[in-house]
Amino acid sequence: LNAYTGNWEDNINNQLKNYREAEKYAKVAGDKGIIAALNFHMGIAYMREGKLDSAFMLFKKAISTFSELKDNGGLGRVMKYLGDAYAKMGNFDLAANTVLQSIAILKETNDQLHLGLGYISLSRVYTDLRKNDSALYYARESLKIFEKRKDQGWKRDAYNLISSCFDQLGESDS
23 LNAYTGNWED NINNQLKNYR EAEKYAKVAG DKGIIAALNF HMGIAYMREG
73 KLDSAFMLFK KAISTFSELK DNGGLGRVMK YLGDAYAKMG NFDLAANTVL
123 QSIAILKETN DQLHLGLGYI SLSRVYTDLR KNDSALYYAR ESLKIFEKRK
173 DQGWKRDAYN LISSCFDQLG ESDS
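No gaps in the numbering here: position 4 of the sequence shown is 26 in this note's numbering, and each next residue is one more.
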């Protein structure tokens, strides 16, 4: 609920408390898939809090478990966020490579939401790498997905990203 209400930053400690509580039950039940999903979501919370070491550790645990379970959907999603963490660290080449890997997996699993988010992440990374044509291309790819999904919030973000790309290219009139 915190994620869907946009309450990430204000309530990270509460999220982590809830994830840890859920993790206890998942461990008792022996549900590795839920444990991997919880590691993934705790990693996102730590990344948003700026605790990248903790985020990396949890993302890598989730990747290992999703791989072991052959859960490509989970694997593609966590790799997208791992790429975001590399970008926050300033390692843009590794971020781009990781997000590109996640995009390939997300295409296979037909996870349109996270594919669109992957395109947004890749566009931002290419902006940081000053590869403005590539940044614009992936921003437009994200818009196609969010228009098809009729997802107004992400569509707005895609349009803002496209606008920013045109500014970087010196084509403000576009």
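Ideal placement from N, C-alpha and C gives every residue a C-beta, glycine not left out. Being a predicted model, the structure only gives us computed values, none of them experimental.
Three-state secondary structure (DSSP) at residue i?
i: GLY112; result: coil
i: GLY95; result: helix
i: SER194; result: coil
i: ASN119; result: helix
i: ASP53; result: coil
i: GLY105; result: helix
i: ASP173; result: coil
i: ASN132; result: coil
Residue i: which of the options sits nearest, CA to CA?
i: MET111; options: ARG152, LYS73 and ALA48; result: LYS73
i: ALA59; options: GLU130, ARG42, ASP75 and ILE142; result: ARG42
i: LEU139; options: ARG171, ASN154, LYS49 and ASP150; result: ARG171
Task: Those runs of the alpha helix (DSSP H) which lie wholly inside the region 134 to 169 and span at least 4 residues - done: Counting only runs of 4 or more, we get 134 to 150.
Open item on the list: Taking contact to mean 3 or more Cβ pairs, one atom from each stretch, closer than 8 angstroms, check whether the region 126 to 137 and the region 153 to 161 are in contact.
Closed with: When C-beta atoms of the region 126 to 137 are compared with those of the region 153 to 161, fewer than three pairs fall below 8 angstroms, so the two segments do not count as touching.
TODO: Count the C-beta pairs between the region 99 to 106 and the region 67 to 85 that are closer than 8 angstroms, then say yes if the count reaches three, no if not.
DONE: Short answer: they touch.
- [ ] Please specify which runs of the alpha helix (DSSP H), each continuous and at least 4 residues long, are wholly inside the region 58 to 85, giving them in chain order.
- [x] List check, alpha helix (DSSP H) in window: nothing returned.
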